[in-house]
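Report on one structure; see the data block that follows.
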Amino acid sequence: MSEVVIEVGPATVRGPNDVRPEWVSTALDSIDDEIALLDDRPVSVQDVWDDVMSAVVGTGVDTAVVICPAWWSSTRIDRVRQAAHIAATEVVVVERIAMLREGVSAETTIVEITSGLAVVSVLGAVAAVVPLGAGSVPDAEAVTVAIGAPAGVLVDAPPTVLGAEFLASKIADRLRAIGVRVTIADDDWVIRAVATKRSVCHVPAENAARGSGVFRYRKALAALSGVLMVVVLCGGFAAAHDSSSDSAVRDIPMTLLVEGRIGVMVPATWTARRITSGPGSARVQVVSPVDADVALHITQSVVSQPSNLAMTADSLLTALADAADGAFVDFNPSDRREGRDAVTYREVRPERNVAWTVLVDGTVRIAVGCQSVPGREHLVREACDRAIRSARAVP
18 MSEVVIEVGP ATVRGPNDVR PEWVSTALDS IDDEIALLDD RPVSVQDVWD DVMSAVVGTG
78 VDTAVVICPA WWSSTRIDRV RQAAHIAATE VVVVERIAML REGVSAETTI VEITSGLAVV
138 SVLGAVAAVV PLGAGSVPDA EAVTVAIGAP AGVLVDAPPT VLGAEFLASK IADRLRAIGV
198 RVTIADDDWV IRAVATKRSV CHVPAENAAR GSGVFRYRKA LAALSGVLMV VVLCGGFAAA
258 HDSSSDSAVR DIPMTLLVEG RIGVMVPATW TARRITSGPG SARVQVVSPV DADVALHITQ
318 SVVSQPSNLA MTADSLLTAL ADAADGAFVD FNPSDRREGR DAVTYREVRP ERNVAWTVLV
378 DGTVRIAVGC QSVPGREHLV REACDRAIRS ARAVP
């Protein structure tokens, strides 16, 4: 049985065969879109991915083992998997973080650096998502604060991510200065880790899911019956809930939800559903398992040019003024929430209230709605605050 290993993302596609760099950059840059420009002409993004994977995989391949970032959305994973099936009979998707864990202790904190973000994972759970872009020194300080002082740290700094290696060295310098053991993963770390698990790859892809806790067939992450599975970077979470008090949202484990062009931290034990019909904008709804009236609503929109808060406030005010039911009140065009500039307003319904916070990140507008029964806003407050604090545009 012939088998190849393909590394996909966060900023490269590489395997046993070369592929045109412009194909790779177009495929990655447009992975959330349907149409892209290649050689100044519009093309189907799926066709670009099909061509990329066919070239890099080659011919006569039975199994393609594809390494992808675990925080990628199910839509991205499905696109890559579909393309890989063009060239290989079976496809096994491997979470990059699972391969990073190979060769390090379970207590090691893992830092994944990608374009615009650093994802910090502790004991298999996402502990922090740090936005990057202020510069190497401020970024290194912010990531170091998020890491804390664990026994050991592994930093994943892919050389194809601009500035990642330099940032990793700055983070390592700061941590080593306080006695923390730091390893920077080299370019072939995940490839070697897959090689040590090759025997698993001979299991058919449909049977490989969770078989060893390393390989996970991501077809299960597709939206089924309207349910969107939250991208979780570990095998599972457990939390005790007290439905009679606000302990239902206190100290709950969080995970990174990546959907379309945004990433946001949401409660790991809550259920995420994609809502595309009915009143209101298309959105992801994340609902408490102990109280269906407690939920987060997350929407996004992409504009052609970078926006600002004033422009966003103007467009929102116009849209809300057109609503005839008078349900939208307390509009504030220049509010502050969790240390971030935002437009805020409330949606008041007889059975529920939703406090909306609208953020701007480049060309992406992100709205976080915090739903509760009137008078019980405290039940969603912590989950809401942490979602607002973390919401960012992602590559």
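Residue 242 in our numbering sits at position 225 of the sequence shown; the count goes up by one each step and never skips.
We put the beta carbon where it would ideally sit given N, CA and C, even for glycine.
From the listed residues V311, P148 and E119, the smallest Cα separation to R398 is found for V311. Three or more beta-carbon pairs separated by less than 8 Å link the region 154 to 168 to the region 192 to 211, which places the two stretches in contact. Counting along the chain, E20 sits inside the beta strand (DSSP E) bounded by residues E20 to V25. Residue state for T92 is assigned as helix, using DSSP reduced to three classes. Straight-line measurement puts the Cα of L376 at about 8 Å from the Cα of R357.
Cβ contact annotation for S305 (same chain, cutoff 6 Å, sequence separation greater than five): W287 and V311, in chain order. Annotation: L55 to I208 spans about 29 Å, alpha carbon to alpha carbon. Of the residues A359, K214, I279 and V283, the one whose Cα lies closest to the Cα of G120 is K214.
V30 places its beta carbon 7 Å or farther from that of V21.
The beta carbons of V83 and V111 sit about 7 Å from each other, so the pair counts as a contact at 8 Å. Bounds of the alpha helix (DSSP H) holding P38 are P38 to D46. CA-to-CA, the gap between A101 and V36 works out to about 14 Å.
Cα atoms of N349 and A400: separation of roughly 22 Å, rounded to the nearest angstrom.
Around the CB of G386, 16 or more other CB atoms lie within 10 Å, so the residue is classed as buried. Rounded to the nearest whole angstrom, the CA to CA distance from S153 to A185 is 9 Å. In terms of CA proximity to G343, P367 leads the group P367, E355 and S407. Taking the Cα of R354 as reference, the smallest distance to any Cα among R369, Q302 and S407 is reached at S407.
Around the CB of V346, fewer than 16 other CB atoms lie within 10 Å, so the residue is classed as exposed.
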